[in-house]
Amino acid sequence: MAKRKFSQLDLIKEYFTQNPKRDIEHPEVVDWVVKEWKERTGEVFRDPDRAIRSLAQKGFLQKIKKGVYRYDPDFVVHRELEDFTPEQKEIIMKRDGYKCVICGKGREDGVELQVDHIKPKDFGGKATIENGQTLCAQHNFRKKNYGQTETGKKMFIRLYELAQKSKDKELISFCEEVLGVYVKHGINSHIKWSKKTGLSMPIEKIKKTPLRDENGKLQFPDVDK
Ligand SMILES: [Zn+2]
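Numbering follows the working numbering, with no gaps: position 51 of the sequence shown is 935.
Written out as structure tokens, the structure is:
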């Protein structure tokens, strides 16, 4: 049998490049690649959804919204132009004091520093000094994987739970207001929150995390599970 000359990713690329600058929903691509792959190789194309997502992560496709992707040749070229140059990275890190802007750790603490686009490239974020921030590898990873608004929402939900637990009225109303903004704008609606049912964290964990430290300073629970 002839050796395969193309990969599953190539097949997905083929479909998108034949349909440039068009928002395409998953099922349309999936149906085509599954059928084509079967015809060309006699094999089953496993997990095409994941393959499409990986092309978006690589920057080949633009994610328009959940399950909708777009191939735009101008965007692919443009995206590469929006990487920070080594000189820009140095300026940004110097401005941030060579420390992660979230946890304040630097190289002396043994963390690797990276320069991140505050507004992601996927959303048209540019390689400008203003759009750059210094993050440790862990927080950069976390931001990329959870997304900034998502991380924020989870953090406020947990803070809200803690506030309820300790009956901190002022903090409860603050969190309700912030989370209300998420609801109003329909941001990260897959993370459920409502005033009444708020709870999304095991009660034992809430008990273990004191809301304020000995100096009365607010303690933010870790956003990790
Ligand atoms: Zn950090």
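All residues carry an ideal CB built from backbone N, CA and C; glycine is no exception.
Problem - Check: I936 C-beta below 6 Å from any heavy atom of ligand 1 - result: no
Exercise for the section: Report the residue from F1040, G988 and G1008 whose alpha carbon sits nearest the alpha carbon of I1056. Expected result: F1040
Practice task
Label Y982 either buried or exposed according to how many other C-beta atoms from any shown protein chain fall within 10 Å of its C-beta, with 16 as the threshold for buried.
Solution key: exposed
Exercise for the section: Could you spell out where the alpha helix (DSSP H) holding I1041 opens and where it closes? Expected result: Q1032 to K1049
Practice task
Say yes only if the C-beta of I1133 is nearer than 6 Å to one or more non-hydrogen atoms of ligand 1, and no if none qualify.
Solution key: The requested residue 1133 is not part of the displayed model; the chain covers only 885 to 1109.
Problem - Contact check, R954 vs Q946, beta carbons under 7 Å - result: yes
Handout entry: Shell residues, 7 Å Cβ cut-off relative to heavy atoms of ligand 1
Key = C984, I986, C987, K989, V995, L1019, C1020, Q1022 and H1023
Practice task
Whole angstroms is fine: what's the gap from F1058's alpha carbon to S891's?
Solution key: 52 Å
Practice task
Kindly identify the DSSP beta-bridge partner or partners of K949.
Solution key: V952
Exercise for the section: Would you check if the segment 960-975 and the segment 1010-1023 touch, i.e. whether three or more CB-CB distances between them fall below 8 Å? Expected result: yes
Exercise for the section: Take every Cβ of the segment 973-989, pair it with every Cβ of the segment 923-932, and state whether three or more of those distances are shorter than 8 Å. Expected result: no
Exercise for the section: Look up E909 in the DSSP assignment and give the residues it is bridged to. Expected result: V952
Handout entry: Outcome for C1020 when other beta-carbon atoms lying within 10 angstroms are tallied against a minimum of 16
Key = buried
Exercise for the section: Assign V999 to one of three DSSP states: helix, strand, or coil. Expected result: strand
Exercise for the section: For T969, name the three-state secondary structure that DSSP assigns. Expected result: coil
Problem - L1083 in three-state terms, based on DSSP - result: Confidence is the limiting factor: at L1083 the pLDDT is only 49, short of 50, which leaves the residue's position unreliable and the question unanswerable from this model.
Practice task
Compare the C-alpha of V1062 against each of H1074, K1038 and S1050 and name the closest.
Solution key: K1038
Exercise for the section: List the endpoints of the continuous beta strand (DSSP E) containing T1018. Expected result: G1016 to C1020
Practice task
Starting from T901, trace the alpha helix (DSSP H) both ways and give me its first and last residue.
Solution key: Q892 to Q902
Exercise for the section: For E920, I'd like the list of residues in its chain whose CB is within less than 7 Å of its CB, leaving aside the five on either flank, ordered along the chain. Expected result: L895
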